[in-house]
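Peer 1: Residue numbers (the working numbering), protein chains in the order written: chain A, 1 to 295; chain B, 1001 to 1295.
Note that CB positions come from ideal geometry on N, CA and C, so glycine has one too.
Have a look at the structure that comes next, please.
Protein chains: 2
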Amino acid sequence: MNEIRSELVAVLIAVQDEMPLVLTLDHGRNLPSGPLETAHRSLQRGMRLWVEQQTQCHLGHIEQLYTFAEATGEEAGGQDQPRLIRISYMGLTRLEDAQEGWRGLYEYFPWENRREKGAEQLDAEIGRALSQWAGRDAARLWRCAETFGLDGQPWNDELVLHRYELLWEAGLLPESRHPASWLAPGRSMPSDRRRILATALARLRAKIRYRPVVFELMPETFTLWQLQRTVEAIAGRPMHKQNFRRLILAQDLVEETGEAEMQAQGRPARLYRFKGAVIGTRHLMGSKLPIARSI
Amino acid sequence: MNEIRSELVAVLIAVQDEMPLVLTLDHGRNLPSGPLETAHRSLQRGMRLWVEQQTQCHLGHIEQLYTFAEATGEEAGGQDQPRLIRISYMGLTRLEDAQEGWRGLYEYFPWENRREKGAEQLDAEIGRALSQWAGRDAARLWRCAETFGLDGQPWNDELVLHRYELLWEAGLLPESRHPASWLAPGRSMPSDRRRILATALARLRAKIRYRPVVFELMPETFTLWQLQRTVEAIAGRPMHKQNFRRLILAQDLVEETGEAEMQAQGRPARLYRFKGAVIGTRHLMGSKLPIARSI
DNA sequence: CTCTTTATGCTCTTATTGAGCATAATAGGG
DNA sequence: CCCTATTATGCTCAATAAGAGCATAAAGAG
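This is the structure in structure tokens:
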């Protein structure tokens, strides 16, 4: 049995101004991390207390992501010995107003944000670089097409981690083992931290489809349009407005507050609140969303 | 930074005679576990090598499950210090013939196997015990109904872990903190090992819906009926035969070998093989299955 | 040859999803 | 006050997918 250092890594996610944000340190180059405390009954509980103490954010849904091991100290290689275990967690929170350290998640993964027009051009550039890497290797070509929705393949928004790993293998990231000359745009992070971020986004996109965790990112009351924009922010792509309402309302997840929100223009929108929170059974209720897994 | 002991725990799963099996030690009371080796590039790779060396099983799909922490040594309590980290993995494998140590997974979770008639009676017993625990607490009652499909609620086969935890809380398991007089049937395991098993089954049931991992549990060639029985073994419930074929064939996941299997009786069934294996892109291909998430 | 058994093919009904048109309620400008 | 721009909400229709059952095919047993 070996002696091993260990730490918790937290990926805290919020949504503001229709953009997903993540809490970072060191000018966006690092993620919050801290020592492992098992005094509290469970890792998850320890994680929650630690984060809430450090950041004054109240955490909603918490989810363990992945445990990484790293050969640390003596420059890795064939060394058999000392190492570091990193247990990563994702936590969702509401952000009242602009705060220190929160950065746009898509700064790290520009290709994952497909809500605006710029997407096609970036796709083309990445596609070119990938096909250069793939060469004539059929398996590679197929994998690129499936992962990035090239050659008429549909885009699957849950493949965040697959895409990150493919770019890494293809040498298109600064953190790749052998970086190519052309690099994909986007802010990088040292070590495997950006990989942890990718894991978090993938998990969140998957989760949001079938568990009502979006509401953890919303204010107490909200309009259906705000809810939709939040879901779109996470899914990274636009959805059909009327169908979104239909699905949400059909599921009996929300109830009207009776009030309406006045904006600058247009008909006022009704305000809703999440029903599940009352009974405290949100971890069980489903929440289907009209995000096609692929287009 | 604390010094922490750590180990890998493996949940190896196979399917034989239409029953899911798990590799155990110590007469079914323990799971294989071993030291953590990070010499190999990644935990996952280390896990694979270690398992294949120990068991002579070739592992197909491998998936990290969860990392648990445990205050070990001085009887836990408010102790702040030494502890053990358990990183659990699930691995799928093919089993040629009967081998030492493999036990039926449903021996540990009889209530998860809903393919035979006995299900209703067990449901009723568990339902009674649960409603006694819930008393007049509305939230508890609601949770029991949702989790175990009581009071007309649909049964959701992915809630394996939820059900296990609910039984634990309700004191209906030997490993519960305060066991009740009536206990749910099923083989138990010390510590949190049965919880790890539940995590594995939940993850497998979820995975099998959208990634073609079933094929890792199948022989090279198989009939559609065998495939269906394997899926049913994992999902724990029966499915509609004709619709199963329709869905599988529509997805272009398998191809005919041209041969047929002769059984004792009836028309011979065509043999198929999994197509994805050839290109090695199985981790991307979808595989929708006609298991309704709930009935 | 007939009956039993299992495999396979096909249809019909019923959700569910995708897409778009139509109407309602507000503000602002003439 | 009326007209227009703008956003919210309601509703319909077509395309797809899912659930359930009947019908036919191909084998062995008697």
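Are the beta-carbon atoms of Val1160(B) and Arg1205(B) separated by less than 8 Å?
Peer 2: For the purposes of this step, residue 1160(B) is identified with residue 160 of the second sequence, where counting begins at 1. For the purposes of this step, residue 1205(B) is identified with residue 205 of the second sequence, where counting begins at 1. Yes. Within cutoff.
Peer 1: List the endpoints of the continuous alpha helix (DSSP H) containing Glu52(A).
Peer 2: Translated into the one-based positions of the first sequence, residue 52(A) becomes position 52. It spans 43-55 - the alpha helix (DSSP H) in which Glu52(A) sits, taken as one unbroken run.
Peer 1: Using a Cβ-Cβ cutoff of less than 7 Å, which residues in the same chain neighbour Arg203(A) once the five nearest sequence positions on both sides are dropped?
Peer 2: Along the first sequence, read from residue 1 onward, the residue named residue 203(A) stands at position 203. Excluding sequence neighbours, Arg203(A) sits near Glu63, Leu65, Met90.
Peer 1: Using 10 angstroms around the beta-carbon of Lys241(A), count the other beta-carbons present and answer buried if the total reaches 16, otherwise exposed.
Peer 2: The residue you call residue 241(A) lines up with position 241 of the first sequence. The residue in question, Lys241(A), is exposed, as its Cβ has fewer than 16 Cβ neighbours within 10 Å.
Peer 1: Alpha carbon to alpha carbon, how far is Trp1168(B) from Leu253(A)? Give it in angstroms, no decimals.
Peer 2: For this step, residue 253(A) is matched to residue 253 along the first sequence. For this step, residue 1168(B) is matched to residue 168 along the second sequence. Their backbone Cα atoms lie some 28 Å apart in a straight line.
Peer 1: Which residues in the same chain as Glu220(A) place their Cβ atom closer than 7 Å to its Cβ, once the five residues preceding and following it in sequence are excluded?
Peer 2: Counted from its first residue, the first sequence places residue 220(A) at position 220. Contacts found: Arg273.
Peer 1: Within a Cβ cutoff of 8 Å, which residues of the same chain sit near Leu1084(B), ignoring the five residues on either side of it in sequence?
Peer 2: For the purposes of this step, residue 1084(B) is taken as residue 84 along the second sequence, with counting starting at 1. Within the same chain, Leu1084(B) has close Cβ partners Ile1004, Arg1005, Ser1006, Glu1007, Ala1069, Glu1070, Thr1072.
Peer 1: Of the residues that make up the stretch 162-183 of chain A, which ones have a beta carbon closer than 8 Å to any beta carbon in chain B?
Peer 2: Listed by position along the chain: His162.
Peer 1: Using the Cα positions of Thr1230(B) and Gly1127(B), report the straight-line distance between them to the nearest angstrom.
Peer 2: In the second sequence, counting from the first residue as 1, residue 1230(B) sits at position 230. In the second sequence, counting from the first residue as 1, residue 1127(B) sits at position 127. If you take the alpha carbons of Thr1230(B) and Gly1127(B), they lie about 28 Å apart.
Peer 1: For chain A, check one thing: does any of its Cβ atoms lie closer than 8 Å to the Cβ of Thr1199(B)?
Peer 2: For the purposes of this step, residue 1199(B) is identified with residue 199 of the second sequence, where counting begins at 1. So, not an interface residue.
Peer 1: Thinking C-alpha only, which one of Pro190(A), Tyr210(A), Leu247(A) is nearest His27(A)?
Peer 2: On the first sequence, position 27 is the one that residue 27(A) refers to. Answer by Cα proximity: Pro190(A).
Peer 1: According to the neighbour-count rule (16 or more other Cβ atoms, all chains shown, within 10 Å of its Cβ), is Arg1237(B) buried or exposed?
Peer 2: Position 237 of the second sequence holds residue 1237(B). Buried.
Peer 1: Counting only beta-carbon separations shorter than 8 Å, does Gln1251(B) have a partner in chain A?
Peer 2: Mapped onto the second sequence, residue 1251(B) falls at position 251. No, no contact with chain A.
Peer 1: Among the candidates Ala198(A), Cys57(A), Thr67(A), Gln132(A), whose CA atom is the shortest distance from the CA of Arg94(A)?
Peer 2: Taking the first sequence and counting its residues from 1, the one referred to as residue 94(A) is at position 94. Comparing Cα-Cα distances from Arg94(A) to each of Ala198(A), Cys57(A), Thr67(A), Gln132(A), the minimum goes to Cys57(A).
Peer 1: For Gly135(A), which of Glu165(A), Ala170(A), Glu52(A) has the nearest alpha-carbon?
Peer 2: Locating residue 135(A) in the first sequence gives position 135, counting from the first residue. Per the Cα distances, Ala170(A).
Peer 1: Please determine, among Arg48(A), Ala10(A), Lys207(A), Leu183(A), the residue with the shortest C-alpha to C-alpha distance to Trp111(A).
Peer 2: Your numbering for residue 111(A) matches position 111 in the first sequence. That would be Leu183(A), whose Cα lies nearest to the Cα of Trp111(A).
Peer 1: Taking C-alpha atoms, which residue in Leu105(A), Leu43(A), Trp133(A) lies nearest to Pro179(A)?
Peer 2: Start at 1 with the first residue of the first sequence, and residue 179(A) comes out as number 179. The shortest C-alpha separation from Pro179(A) is found at Trp133(A).
Peer 1: Quick one: give me the first and last residue of the beta strand (DSSP E) that Phe244(A) is part of.
Peer 2: Taking the first residue of the first sequence as 1, we reach residue 244(A) at position 244. Note, Phe244(A): premise wrong, no beta strand (DSSP E); alpha helix (DSSP H) at 241-250.
Peer 1: Are the C-beta of Leu31(A) and some C-beta of chain B separated by less than 8 Å?
Peer 2: Counting from one through the first sequence, the residue named residue 31(A) turns up at place 31. With 8 Å as the cut-off, Leu31(A) does not count as an interface residue toward chain B.
Peer 1: Please report the straight-line C-alpha distance between Lys1207(B) and Val1213(B), rounded to a whole angstrom.
Peer 2: Here residue 1207(B) refers to the residue found at position 207 of the second sequence. Here residue 1213(B) refers to the residue found at position 213 of the second sequence. Going by the C-alpha atoms only, they are around 7 Å apart.
Peer 1: In the structure shown, what three-state DSSP assignment does Ala1124(B) receive?
Peer 2: Here residue 1124(B) refers to the residue found at position 124 of the second sequence. Looking at Ala1124(B) - three-state DSSP - the assignment turns out to be helix.
Peer 1: Count the other CB atoms within 10 Å of the CB of Val15(A); is the residue buried (16 or more) or exposed (fewer)?
Peer 2: Locating residue 15(A) in the first sequence gives position 15, where the first residue counts as 1. By the neighbour-count rule (16 or more Cβ atoms within 10 Å), Val15(A) is buried.
Peer 1: For Leu25(A) versus Ile13(A), is the C-beta spacing smaller than 8 Å?
Peer 2: Taking the first sequence and counting its residues from 1, the one referred to as residue 25(A) is at position 25. Taking the first sequence and counting its residues from 1, the one referred to as residue 13(A) is at position 13. In this structure, Ile13(A) does not lie closer than 8 Å to Leu25(A) by Cβ.
Peer 1: Could you name the residues of the same chain whose beta carbon sits closer than 6 Å to that of Phe215(A), not counting the 5 residues immediately before and after it, in chain order?
Peer 2: On the first sequence, residue 215(A) is found 215 positions in, with the first residue counted as 1. Excluding residues within five positions, the ones whose Cβ falls inside 6 Å are Phe274.
Peer 1: By the criterion of Cβ-Cβ separation under 7 Å, what are the contact partners of Ile1085(B) in chain A?
Peer 2: The count along the second sequence starts at 1 and reaches residue 1085(B) at position 85. Within chain A, the residues near Ile1085(B) are Ser6, Ile85.
Peer 1: Give me the chain B residues within the contact set of Gln64(A), using Cβ-Cβ distance strictly less than 7 Å, ordered along the chain.
Peer 2: Numbered from 1 along the first sequence, position 64 holds the residue referred to as residue 64(A). Within 7 Å Cβ-Cβ: Tyr1066, Thr1067.
Peer 1: Going by the CB atoms, is the gap between Arg195(A) and Ser188(A) shorter than 8 Å?
Peer 2: Walking along the first sequence from the start, residue 188(A) turns up at place 188. Walking along the first sequence from the start, residue 195(A) turns up at place 195. It is not a contact, given that the beta carbons lie outside the stated cut-off.
Peer 1: Give me the chain B residues within the contact set of Leu43(A), using Cβ-Cβ distance strictly less than 8 Å, ordered along the chain.
Peer 2: For this step, residue 43(A) is matched to residue 43 along the first sequence. Correct list: Thr1067, Phe1068, Ala1069.
Peer 1: Any idea what DSSP makes of Glu1075(B), helix, strand or coil?
Peer 2: Taking the second sequence and counting its residues from 1, the one referred to as residue 1075(B) is at position 75. In this prediction, Glu1075(B) has a pLDDT of 44, which is less than 50 and means its spatial position is unreliable; nothing more can be read from the coordinates.
Peer 1: Quick check on the DSSP output: the alpha helix (DSSP H) that includes Phe1215(B) runs from which residue to which?
Peer 2: The residue you call residue 1215(B) lines up with position 215 of the second sequence. Run containing Phe1215(B): none; DSSP gives neither H nor E here.
Peer 1: Round the Cβ separation of Ile1087(B) and Thr67(A) to the nearest angstrom and send it over; I've been treating them as touching at under 8 Å.
Peer 2: Residue mapping note: residue 1087(B) aligns to position 87 of the second sequence, counting from 1. Residue mapping note: residue 67(A) aligns to position 67 of the first sequence, counting from 1. Right, the Cβ-Cβ distance comes to about 5 Å (below 8 Å), so this counts as a contact.
Peer 1: Determine the extent of the alpha helix (DSSP H) in which Tyr108(A) is found, giving its start and end residues.
Peer 2: Numbered from its first residue, the first sequence carries residue 108(A) at position 108. Premise fails: Tyr108(A) is in no alpha helix (DSSP H) and is neither H nor E.
Peer 1: Should Asp1017(B) go down as buried or exposed, given a rule of 16 or more other Cβ atoms within 10 Å for buried?
Peer 2: For the purposes of this step, residue 1017(B) is taken as the residue at position 17 of the second sequence. The residue in question, Asp1017(B), is exposed, as its Cβ has fewer than 16 Cβ neighbours within 10 Å.
Peer 1: Since Met189(A) sits in a beta bridge, which residues does DSSP pair it with?
Peer 2: As a first step, residue 189(A) must be located in the first sequence, where it is residue number 189. None, per the DSSP bridge assignment.
Peer 1: Let's test the definition: count the other Cβ atoms within 10 Å of the Cβ of Ala233(A) and tell me whether it reaches 16, buried, or not, exposed.
Peer 2: One-based indexing of the first sequence puts residue 233(A) at position 233. Buried, because 16 or more other Cβ atoms sit within 10 Å of the Cβ of Ala233(A).
Peer 1: Can you tell me the Cα-Cα spacing of Leu247(A) and Gly1258(B), whole angstroms?
Peer 2: Translated into the one-based positions of the first sequence, residue 247(A) becomes position 247. Translated into the one-based positions of the second sequence, residue 1258(B) becomes position 258. Their backbone Cα atoms lie some 45 Å apart in a straight line.
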